[in-house]
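Notes follow the structure.
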């Protein structure tokens, strides 16, 4: 029978909130100048509440999954957990995103990928570090 490693719901919620907040900060302050240098639109000025709610909930699922994987791996150091989060993103999520971008018809698809690729691994690192701190 499969036994799941313990993951604190409070750590998951904190990891979700902090990573979601970082994403908001990134897209509000850091992405616009980067988007201008890449010559791609940074995105809309505001997002619908439903999209924000879905974005938050998907990060809850990611934080739980990262916590379980870190528990299985026996990682207890938050710095190592942050690196694990980045590695997890690089090994699983980034190839999926690259595959999706390969089928896009827009000429700027790879510049759009670069715009998002600066933010997403950082969120995985944040989630990994926080869920490990409160195991």
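In our numbering, the protein residues as written are 258 to 392. Quick reminder that beta carbons are idealized off the backbone N, C-alpha and C, glycines included.
Cβ-based burial, residue 357 [other Cβ within 10 Å; buried from 16]: What you label residue 357 is simply residue 100 of the chain shown in a count that begins at 1. By the neighbour-count rule (16 or more Cβ atoms within 10 Å), residue 357 is not buried but exposed.
Measuring straight from C-alpha to C-alpha, what distance separates residue 329 and residue 383? For the purposes of this step, residue 329 is taken as the residue at position 72 of the chain shown. For the purposes of this step, residue 383 is taken as the residue at position 126 of the chain shown. If you take the alpha carbons of residue 329 and residue 383, they lie about 19 Å apart.
Identify whether residue 296 lies in helix, strand or coil by the three-state DSSP scheme. The residue given as residue 296 occupies position 39 in the chain shown. DSSP places residue 296 in coil when its eight states are reduced to three.
Please look up how many angstroms separate the CB atoms of residue 288 and residue 372, rounded, as I've assumed it's under 8 Å. Mapped onto the chain shown, residue 288 falls at position 31. Mapped onto the chain shown, residue 372 falls at position 115. Indeed they touch by this definition, with Cβ atoms about 6 Å apart.
Should the region 299-317 be regarded as contacting the region 333-352, the criterion being three or more beta carbon pairs within less than 8 Å? no
Using the Cβ count rule (16 or more neighbours within 10 Å means buried), how would you classify residue 333? Counting from 1 along the chain shown, the entry for residue 333 is found at position 76. When all chains shown are included, residue 333 counts as exposed.
Reference residue 327; option with closest CA among 258, 388, 259: For the purposes of this step, residue 327 is identified with residue 70 of the chain shown, where counting begins at 1. Residue 327 has its Cα closest to that of 388, out of 258, 388, 259.
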